[in-house]
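In what follows, a structure is listed as structure tokens, so that the remarks can point back to it.
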Amino acid sequence: MATDGRTVVGFDGSPSAWRALDWATDRIAVRGGALEVVHAIDIRVGGAVFGPRFDLVTTAETGLKQARNHVRALAPDVAVEVRWVEGPPASALLGAAAGATLLVVGTDKGPLLSGARVGTLPLKLAARADCAVAVIPASSRPERNVVVVGVDRSVLARSALALAVTEASWTGAQVEAVHAWDVPEALHSALDSGEHADPAFLKREQAVIPEAIADVPIARPAPISPIVVRKNPAEALIEHGAGAVAIVVGTRGRGRFAASLLGSVSHDVLLNLPCPVLVTPKEYSFVVPSRPNDTDDW
């Protein structure tokens, strides 16, 4: 999947949008690339709420100018462009991010909290975007220099692992590769009462992470610690993601019915974010820039 090196930030002037902008700016300052700040405005909705004389475009342009000045003050060397696009936020941002490397949005959602403005925008973008999507919550600064990634036997997990290693390599972070296995509810009582799973079954589960690592062409090295637990996969990722730099998960795919194809694990993690979460499409590119100012790809 060819990309142009852009990081696109969905911006609407809300506190969560400012957090997303800061996160993206810090990231590009380290890795290189170009930043594009995009405000999606639905003129029809603005007119319906405030009347035909309400100038939604001028409001958006004022906010974008503030965002550009903020980026330049925070990281003068980061190349930043701003623009507004017309249309419903999800479709407008997906169009703006066509060919980009990363799409970044903020959210008020956090672990087990409803948030002030939860919405479904991050879920829609993560399910349908051609590029990786980063969702930035109102979390504390990382306590551990760790990138957590969910790993199973799918090609989606290979893409997620590649992205996690790439992310970790830029900051010297460690990767925690988490493989969580669980059993149907009817079998829980047997395991809880002392019955032991077949050794061959456990051996297969222990092999999932090494097999994934062997399958992924790692362009930039980072230490990987395998973690295998019996737990609901989303709960395991949320638990290990507390205090981490980021969680990386894969998505099932794109297309007409993509909103229903995000996958239960990714969906549940995005509803309970303990830290920034990156969702990667299965066509994730394994090529990364060799110099901080390269913008060809990751």
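Just so you know, we're using my numbering here: the sequence shown kicks off at 184 and counts up by one.
Where is the CB? At the ideal position from N, CA and C, for every residue including glycine.
Cβ shell of residue i (< 6 Å), same chain only, five flanking positions each side left out
{"i": "A275", "result": "A223, V268"}
{"i": "A363", "result": "V412, K414, P416, A419"}
{"i": "V316", "result": "L286, L308, A309, V462"}
Enclosing alpha helix (DSSP H) for residue i [first to last residue]
{"i": "G278", "result": "272 to 279"}
{"i": "E422", "result": "416 to 424"}
{"i": "L344", "result": "338 to 354"}
{"i": "T190", "result": "No alpha helix (DSSP H) holds T190; the beta strand (DSSP E) holding it covers 189 to 193."}
{"i": "T241", "result": "239 to 257"}
Under 8 Å between C-beta atoms of residue i and residue j
{"i": "P459", "j": "S342", "result": "no"}
{"i": "D335", "j": "V263", "result": "no"}
{"i": "A309", "j": "L204", "result": "no"}
{"i": "A427", "j": "P320", "result": "no"}
{"i": "C314", "j": "A279", "result": "no"}
{"i": "A345", "j": "V399", "result": "yes"}
{"i": "I407", "j": "A360", "result": "yes"}
{"i": "A505", "j": "E350", "result": "Outside the modelled stretch of the chain, which goes from 184 to 481, sits residue 505, for which no answer is possible."}
Close beta carbons around residue i, own chain, < 7 Å, minus the five adjacent residues each side
{"i": "P259", "result": "none"}
{"i": "A395", "result": "V334, A340, R341, L344"}
{"i": "G438", "result": "Residue confidence is low: G438 scores 44 on pLDDT, short of 50, so the model does not pin down where it sits. Its coordinate-derived value is still stated next. If we look at G438 and ignore the five residues flanking it on each side, it has no Cβ neighbours."}
Residue from the options with nearest C-alpha to residue i
{"i": "A283", "options": "V338, T241, G216, L346", "result": "G216"}
{"i": "W150", "options": "E388, R214, D209, A250", "result": "Lying outside 184 to 481, the shown extent of the chain, residue 150 is not represented and no answer is given."}
{"i": "I410", "options": "V399, P400, A429, V358", "result": "V358"}
{"i": "V265", "options": "V191, V399, P382", "result": "V191"}
{"i": "L277", "options": "A351, T349, G433, G193", "result": "G193"}
is_contact[residue i, chain C] using C-beta, thresh 8 Å
{"i": "C458", "result": "Among the chains of the structure shown, chain C does not appear; only one protein chain is present."}
Neighbourhood of residue i by C-beta distance below 8 Å, restricted to the same chain and skipping five residues each side
{"i": "K388", "result": "Just to set this straight, residue 388 is Glu in the shown sequence, not Lys. Cβ within range, chain order: H362, W364, V411."}
{"i": "I211", "result": "T190, A217, L218, A258, V261"}
Limits of the unbroken beta strand (DSSP E) element including residue i
{"i": "A142", "result": "The requested residue 142 is not part of the displayed model; the chain covers only 184 to 481."}
{"i": "L286", "result": "285 to 289"}
{"i": "L218", "result": "217 to 224"}
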